[in-house]
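Counting from 1, position 213 in the sequence shown corresponds to residue 213 in this note's numbering; the numbering is continuous, with no gaps.
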Amino acid sequence: MTKEEYVRGIFNNIAPRYDLLNTVLSFNRDRGWRRFAVARAGLVPGDKVLDVCCGTGMLALELARAVNPGGQVIGLDFAPAMLQIARRRLAASPPGHLVQLVEGNALELPFADNTFDCATVAFGLRNLPDIKRGLAEMRRVVRPGGRVVSLELAKPSRPIFKQLYYFYFDHLVPFIGRLGIGIDGPYSYLPRSLKGYPHQEEVLQYFRDLDLEGAPYYELTGGIVAVHVGIKK
Ligand SMILES: C[S@@+](CC[C@H](N)C(=O)[O-])C[C@H]1O[C@@H](n2cnc3c(N)ncnc32)[C@H](O)[C@@H]1O
Numbered sequence: 001m002t003k004e005e006y007v008r009g010i011f012n013n014i015a016p017r018y019d020l021l022n023t024v025l026s027f028n029r030d031r032g033w034r035r036f037a038v039a040r041a042g043l044v045p046g047d048k049v050l051d052v053c054c055g056t057g058m059l060a061l062e063l064a065r066a067v068n069p070g071g072q073v074i075g076l077d078f079a080p081a082m083l084q085i086a087r088r089r090l091a092a093s094p095p096g097h098l099v100q101l102v103e104g105n106a107l108e109l110p111f112a113d114n115t116f117d118c119a120t121v122a123f124g125l126r127n128l129p130d131i132k133r134g135l136a137e138m139r140r141v142v143r144p145g146g147r148v149v150s151l152e153l154a155k156p157s158r159p160i161f162k163q164l165y166y167f168y169f170d171h172l173v174p175f176i177g178r179l180g181i182g183i184d185g186p187y188s189y190l191p192r193s194l195k196g197y198p199h200q201e202e203v204l205q206y207f208r209d210l211d212l213e214g215a216p217y218y219e220l221t222g223g224i225v226a227v228h229v230g231i232k233k
């Protein structure tokens with residue numbers, strides 16, 4: 001089984017509980033993290049944004065608020081069960097009508113070069129078999145002057161906090177996840193996926209290698225997540 005098939009299977013399985021577990025496992029921080037990322041996207045009403053790995057549409061909805069009125073958000077994901085929840089959320093929450101959902105692969109975006117003012121991804125890069133290719137695809141579809149923004153789990157460095165966090169993440173998250181969805185597997189994948197993901201400094205280097213200018217990054221909540229922002233030259 002490829003990583004893509006494995007990841008798609010996980011998200012199709014956990015879709016109905018994904019939002020709740022997200023809120024519980026992040027101590028309700030996830031919403032604030034997404035809002036921070038949207039604020040860094042530099043959007044104005046009327047902008048056109050692509051949200052890659054949109055999942056249940058939480059970031060897409062925040063983006064819609066930022067480009068309202070007159071803007072457009074495309075949310076792309078390859079797990080139909082996640083998109084189904086997104087569809088329900090967007091239908092029930094204004095201005096969800098600005099969001100159009102597309103089933104597709106982040107590594108082969110079905111859009112022409114320079115189509116969007118911004119491309120975002122939240123908790124998605126870590127799941128891709130080729131992070132650099134995912135970022136390159138986002139850069140390709142953004143117009144010159146537009147931004148590529150990633151919100152992703154990161155690696156905290158402060159002593160004690162770091163140890164406590166890893167204990168929580170490696171042991172308690174899989175346990176709580178198993179309670180939440182009734183099966184082992186998906187929430188054991190979460191700590192493994194972070195181990196395989198580069199440190200935020202290295203992710204910054206990926207942005208620079210792609211000529212995504214300015215690329216600073218912001219660490220939130222003691223560095224357990226990071227937001228990277230790069231501008232396409
Ligand atoms: C952790 S969820 C994040 C969802 C959402 N962005 C959020 O902030 O909650 C990761 C999402 O990435 C999607 N995904 C993973 N690999 C993908 C790929 N290659 N192409 C498209 N979607 C992918 C999964 O289906 C899943 O919905």
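Cβ coordinates follow ideal geometry from the N, Cα and C atoms, glycine included.
Nearest to residue i by alpha carbon, out of the options?
| i | options | result |
| --- | --- | --- |
| P144 | L194, S150, L59, I231 | I231 |
| L50 | F207, Q200, P216, M138 | M138 |
| G223 | P174, G55, N68, R158 | R158 |
| L20 | L194, V102, I181 | I181 |
| G96 | F123, V121, N114, L63 | L63 |
| V102 | R87, D184, D113, R65 | R87 |
| P129 | I85, A106, T115 | A106 |
| D113 | R35, G146, I131 | G146 |
| M58 | V121, G134, V203 | V121 |
| L190 | F169, P198, D30 | F169 |
| V227 | N22, R34, S26, N28 | R34 |
| S26 | P216, I176, R208 | I176 |
| R208 | M1, A136, E5, D117 | A136 |
| V148 | Q205, C118, Y197 | C118 |
| P156 | V225, K233, R192 | V225 |
| E219 | N12, M1, N22, R40 | R40 |
| C54 | F11, H171, N28, R29 | F11 |
Using 10 angstroms around the beta-carbon of residue i, count the other beta-carbons present and answer buried if the total reaches 16, otherwise exposed.
| i | result |
| --- | --- |
| N127 | buried |
| I14 | buried |
| D211 | exposed |
| A92 | exposed |
| I74 | buried |
| P80 | exposed |
| G124 | buried |
| E152 | buried |
| M82 | buried |
Identify, in the order they occur along the chain, each residue of the same chain with its Cβ nearer than 7 Å to the Cβ of residue i, setting aside the five sequence neighbours on each side.
| i | result |
| --- | --- |
| G104 | L76, F78, P110 |
| P216 | V229 |
| V7 | N127 |
| R65 | P95 |
How many angstroms separate the CA atom of residue i from the CA atom of residue j?
| i | j | result |
| --- | --- | --- |
| Y18 | K195 | 21 Å |
| V99 | F167 | 38 Å |
| V38 | A60 | 9 Å |
| T115 | R140 | 9 Å |
| G9 | D184 | 13 Å |
| Q84 | T56 | 8 Å |
| V173 | L164 | 12 Å |
| G214 | H199 | 18 Å |
| G134 | V52 | 9 Å |
| P186 | A154 | 19 Å |
| R192 | K3 | 13 Å |
| E5 | E201 | 29 Å |
| I160 | T221 | 14 Å |
| V179 | V24 | A quick correction: the sequence has Leu, not Val, at residue 179. When rounded, the distance between both Cα atoms is 12 Å. |
| V142 | K233 | 10 Å |
Ordered along the chain, which non-local residues of its own chain (more than five positions away) have a Cβ less than 6 Å from that of residue i?
| i | result |
| --- | --- |
| G70 | P45, G46 |
| V203 | H228 |
| L90 | G57, G96, V99 |
| S150 | V121, L125, H228 |
| K162 | P156 |
| S188 | P174 |
For residue i, which residues in the same chain have their Cβ closer than 8 Å to its Cβ, ignoring the five residues on either side in sequence?
| i | result |
| --- | --- |
| V67 | L43, V44, P45, G46, D47, K48, V49, V73, L98 |
| Y206 | I131, K132, L135, P198 |
| E108 | E137 |
With a cut-off of 8 Å, does the C-beta of residue i fall near any C-beta of chain C?
| i | result |
| --- | --- |
| A15 | Looking at the structure shown, chain C is missing, and only one protein chain is on hand. |
Uninterrupted beta strand (DSSP E) stretches inside the region 18–57 (no shorter than 3 residues): 48–52
Jot down the residue ranges of each uninterrupted alpha helix (DSSP H) in the region 125–180, minimum 4 residues, whole runs only, in chain order. 131–141, 161–167
Within the region 180–229, ranges of the beta strand (DSSP E) (whole runs, at least 3 residues): 217–220
Which runs of the beta strand (DSSP E), 3 residues or longer, sit entirely within the region 64–96? 72–77
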